[in-house]
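**Q** Whatever position you read off the sequence shown (first residue = 1), add 482 for the working numbering. Starting off with a structure, shown below.
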Amino acid sequence: MNEKIMLWSERKSSNLEDGANSENDFQPYLETFFLEGIKSRGVIIICPGGGYAHRAEHEGKPVAQRFNELGFHCIVLQYRVAPYRWPAPQEDVLRAVKITRSRALQWHIDPNKIAVLGFSAGGHLACSSGIVFDQIDANDGDAADLVSARPDATILCYPVISGINMAHSGSFVNLLGETRLPQDLVEYSWERQVKDSTPPSFIWHTAEDMGVPVENSLFYAAALRAKKIPFELHVFPYGRHGLGLGVEESCSEVRVWPELCAKWLAKINC
């Protein structure tokens, strides 16, 4: 079942960069990819990458369709990007979790099996959902306000994590604005912000990634380990940044990551 659902009841123009035109600004929405039947299933909310500047198509619908094949309901989140700034994307992903959990019965979703998956900067967004879920207001005056915004797991695909070590600076400029970019990015470097309530994570990266260095994933895995939070980390030896499902012939070993992820979600009962 495919449906487009607007994320907010009214136009969201907050956190728009000074001087940006809000007349035709982007309004975030969900695209549902639900399996038929009444069986209660886990769901994966997918955040495409794009450096907080756009949303890459190959990291949206094709990924949802692949995880449908693996038995999951999926939702692609079309979230706000530049000229929107922090915390607009974070509001969107947390609102997506709340809507999904509040409609679990209607959508045949297990409300305790909600994972957020993200690629690159979308990985930073997915990761943030497991860290700032109790710090950002994602309410909209409806039934979704009554449920938790915390995901039960995060799935991080070659994620942007750190703003201070091996950083992808463009993502942070787009998220925070160049003129307002803090000198100290610790607050937005998720390897420094992991807490006891941060959910388990499946992480994958390639050692050859020159766009977002693999250290981003290594730093986050180490932070999870320090807090004794379950995680699974895969570092594939070859492949460029932005592989998505890994359909390129030159890096065929990467293609197994969705199956590995599905097995991991089963292991943690998510």
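C-beta: ideal position from N, C-alpha, C; glycine also. Predicted model only: the values in this text are computed from it and were never measured.
1. Less than 6 Å between C-beta atoms, sequence neighbours within five positions excluded: which residues of the same chain meet that for SER671?
2. Thinking just about the alpha-carbon of each residue, which of VAL545, TRP490, MET648, PHE654 is nearest to the one in GLU464?
3. Helix, strand or coil: which one does DSSP assign to THR582?
4. DSSP has SER683 in a bridge; who is on the other side?
5. Assuming LYS486 is part of the beta strand (DSSP E), what are its boundary residues?
6. Taking ILE654 as part of the alpha helix (DSSP H), name the residues at either end of that continuous run.
7. Does any heavy atom of the ligand COA sit closer than 8 Å to the C-beta of ILE557?
8. Would you report the Cα separation of LEU638 and LEU715, rounded to the nearest angstrom?
9. Which full runs of the beta strand (DSSP E) of 3+ residues lie inside the region 520–602, going along the chain?
10. Helix, strand or coil for PHE718? Go by DSSP, reduced to three states.
11. Could you spell out where the beta strand (DSSP E) holding GLU432 opens and where it closes?
12. Helix or strand or just coil, what does DSSP make of LEU498?
13. Starting from ASN698, trace the alpha helix (DSSP H) in both directions and tell me its first and last residue.
14. Kindly indicate the opening and closing residues of the alpha helix (DSSP H) around PRO740.
15. Do ALA597 and ASP634 count as a contact pair if the criterion is CB distance below 9 Å?
16. Of the choices VAL729, TRP568, LEU599, GLY533, whose alpha-carbon is the least far from that of ILE557?
17. Can you list, in chain order, the residues of its chain with a C-beta nearer than 8 Å to that of ILE520? Leave out the 5 residues immediately preceding and following it.
18. Look at the alpha carbon of PRO664 and the alpha carbon of GLU513, and state the distance between them as a whole number of angstroms.
19. When the distance is taken between beta carbons, is ASP624 closer than 9 Å to SER522?
20. Taking DSSP's pairing of strands, which residues face THR661 in a bridge?
21. Tell me which same chain residues have a C-beta within less than 7 Å of the C-beta of CYS743, skipping the five on either side of it?
22. When you compare each of TYR720, THR680, GLN588 to PHE713 by their alpha carbons, which one comes out closest?
**A** Straight from the coordinates:
1. SER644, GLY645, ILE646
2. One cannot answer for residue 464 here, as it falls past the ends of the chain, which runs 483 to 752.
3. helix
4. THR636, PHE713
5. 484–488
6. Reading the sequence as shown, one finds Phe at residue 654 and not Ile. Run containing PHE654: 651–658, per the alpha helix (DSSP H) assignment.
7. Among the ligands in the structure shown, none appear at all, so the ligand COA cannot be discussed.
8. Going by the C-alpha atoms only, they are around 9 Å apart.
9. 523–529, 555–560, 591–601
10. strand
11. No statement about residue 432 is possible, as the shown extent of the chain runs from 483 to 752 and does not include it.
12. strand
13. 697–708
14. Looking at the DSSP string, the run of the alpha helix (DSSP H) that includes PRO740 is 739–749.
15. In this structure, ASP634 sits near ALA597, with a CB-CB distance shorter than 9 Å.
16. Of the candidates VAL729, TRP568, LEU599, GLY533, the one whose C-alpha sits nearest the C-alpha of ILE557 is LEU599.
17. HIS590
18. 34 Å
19. no
20. Answer is none; THR661 lacks a bridge partner.
21. ILE637, PHE684
22. THR680
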